[in-house]
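529 is the number of the first residue of the sequence shown in our numbering; add one for each residue after it.
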Amino acid sequence: MEKRGYSLKKIQENNEAEIMQTILEEARSSYTEEIVVELTSETPDEMESNVDRIVSWVRSWRAQKGLSEEPTTEEEREGRLIVISSG
């Protein structure tokens, strides 16, 4: 891409998009369809909506497991949820 005159920013954006696509494809091949959700965050409104959606999912999951609404231990804060956002 550099030889074709693309800017560094464009090259980085392209690389990020390729990485995100690879991660998405690997998630889809590794997990059932209903638990892999692709979220786009191309605008501030989409980002805000996605954050709200993810927080809701986490709270629902924690409630189903009988856990408090917020993580209470360092181990929980380190994460059991992987969120990949492209945008």
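Glycine included, every Cβ here is placed at the ideal spot set by N, Cα and C.
#### Entry: Nearest-angstrom beta carbon gap, Arg587 and Glu597 [assumed within contact, 8 Å]
Taking the first residue of the sequence shown as position 1, residue 597 is located at position 69. Taking the first residue of the sequence shown as position 1, residue 587 is located at position 59. Contact between Glu597 and Arg587 holds, with the beta-carbon distance rounding to 6 Å and staying under 8 Å.
### Thr571, DSSP secondary structure in three states
Taking the first residue of the sequence shown as position 1, residue 571 is located at position 43. Three-state DSSP puts Thr571 in coil, outside helix and strand.
### Buried/exposed call for Glu541, threshold 16 Cβ in 10 Å
Within the sequence shown, numbered from 1, the residue matching residue 541 stands at position 13. Looking at its Cβ environment, which holds fewer than 16 other Cβ atoms inside 10 Å, Glu541 is exposed.
### Task
Classify Glu566 as helix, strand or coil using the three-state DSSP reduction.
Taking the sequence shown and counting its residues from 1, the one referred to as residue 566 is at position 38. DSSP places Glu566 in coil when its eight states are reduced to three.
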